[in-house]
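Sequential numbering of the sequence shown, starting at 744, is according to the working numbering. Below is one structure; the comments refer to it alone.
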Amino acid sequence: MSEYITMQEIDEARDAINLQTALKPEIGIVLGSGLGDFANSVENPVIIPTNEIPHWPVSTVAGHKGHLVIGMIKQKPVIVLQGRTHFYEGHSISRIGFPIRVMQRLGIQTLILTNAAGGINSNFSAGDLMILTDHIALAGMTGSNPLVGPNLDEFGPRFPDMSKTYTPELIALAQQISDENRLGCQNGVYVWLSGPSFETAAEIRFLRAIGADAVGMSTVPEAIVASHGGLRVLGISGITNKVDPDGTNMASHEEVLAAGKTIVPKLITLLNAVLAKL
Ligand code: HPA
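What follows is the structure in structure tokens.
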């Protein structure tokens, strides 16, 4: 497999999925670590293991199933990726954008990205949801940008604007639903690190100083690719662990998965209401 994804690979994957279902999804949803249960909300699901789709970067992380679930939620045709693939698994950064490109070629116009994140903002608690207002692509800024490589002109320009990556109307909609349902959603800036190692105390002090509210190892490469393609994007973090005030982060992957269990019911309420209003 080469480092950079191609139009031909994207369309071969799209064609393989189209052989399994006639449904044309309008909304894509990517479920983060420990949040995969939301896929149970899909009615009349067609479930495709991602290792059966050509060129798909397959996920190996515990808690990530590696399924595409296509069906209906709240009368909307959706495609749900249960078990995303992370850069730290060893795929090239270009390949991390592959699922988003395929979903767009299947017809989605809106993408909802979810993740498990560490809380840096001292007002956040484990179990909170955070609506992403913006991101810091720290790994992207230092060379691992998913758009590096030949530009796919069919999707967007070589030098895309990223000033409205998270669609303002979707941020407002999620905030309104949070208020109506008393979900207490926070909002803020998500900083993306490649992982897989958690942060040192000095790194957390640095992330706090540059204005990050939450930290994680996903979402941003997908948001960059989606924004390049002109998709509307909503990002939601589930805060699975608080990063201690002195900067130490002793989060464990098990802790991240366990906190997901308290986050999932709130996320289900939020996403169902968002989908109903899209
Ligand atoms: N740091 C990085 N990624 C994470 C964390 C964290 O504390 N929690 C969940 N994903």
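All residues carry an ideal CB built from backbone N, CA and C; glycine is no exception.
For the region 817-833 and the region 757-775, state whether three or more C-beta atom pairs, one from each stretch, are separated by less than 8 Å. Touching, yes.
Kindly give me the distance between the Cβ atoms of Leu854 and Ala782, rounded to whole angstroms, as I take these residues to be in contact under 8 Å. About 16 Å separates the two Cβ atoms, so there is no contact after all.
Would the region 931-949 and the region 871-888 be scored as touching if the rule is three or more Cβ pairs under 8 Å? Three or more pairs of CB atoms, one per stretch, sit closer than 8 Å, so the region 931-949 contacts the region 871-888.
Using 7 Å as the cut-off, classify the Cβ of Met884 as near or not near the heavy atoms of ligand 1, replying yes or no. Placement of the Cβ of Met884 at a distance of 7 Å or more from every heavy atom of ligand 1 is found.
Would you kindly check if the distance between the Cβ of Tyr747 and the Cβ of Ser1035 is under 8 Å? Given that the chain is displayed from residue 744 to residue 1021, the structure contains no residue 1035 and the question cannot be resolved.
Buried or exposed: which applies to Gln847, given that a residue is buried once 16 or more other Cβ atoms fall within 10 Å of its Cβ? By the neighbour-count definition (other C-beta atoms within 10 Å, threshold 16), Gln847 is a buried residue.
Of the listed residues Gly973, Arg975, Met960, nearest to Tyr831 (C-alpha basis): Minimum Cα distance to Tyr831 is reached at Met960.
Asn858, enclosing alpha helix (DSSP H) - first and last residue: Segment 853-862 is the beta strand (DSSP E) holding Asn858; no alpha helix (DSSP H) there.
Counting pairs of Cβ atoms below 8 Å between the region 944-952 and the region 885-893, do you hit three or more? Counting C-beta pairs with one atom in each stretch, the region 944-952 and the region 885-893 have fewer than three that are closer than 8 Å, which means they do not touch.
Could you tell me which residues DSSP pairs with Tyr933 in its beta bridges? Answer is His878, Ala957.
Roughly how many angstroms separate the alpha carbons of Gly972 and Glu786, rounded to a whole number? Straight-line Cα distance between these residues: approximately 28 Å.
Contacts around Gly931, its chain only, beta-carbon distance under 7 Å, and the 5 residues preceding and following it disregarded: Once the five neighbours on either side are set aside, the close Cβ partners of Gly931 are Asn864, Met873, Thr876, Asp956, Ala957.
Is it the case that the CB of Thr853 approaches a heavy atom of ligand 1 more closely than 7 Å? Outside the cutoff, so no.
Tell me which residue opens and which closes the beta strand (DSSP E) that Gly981 is part of. Start and end: 975-985.
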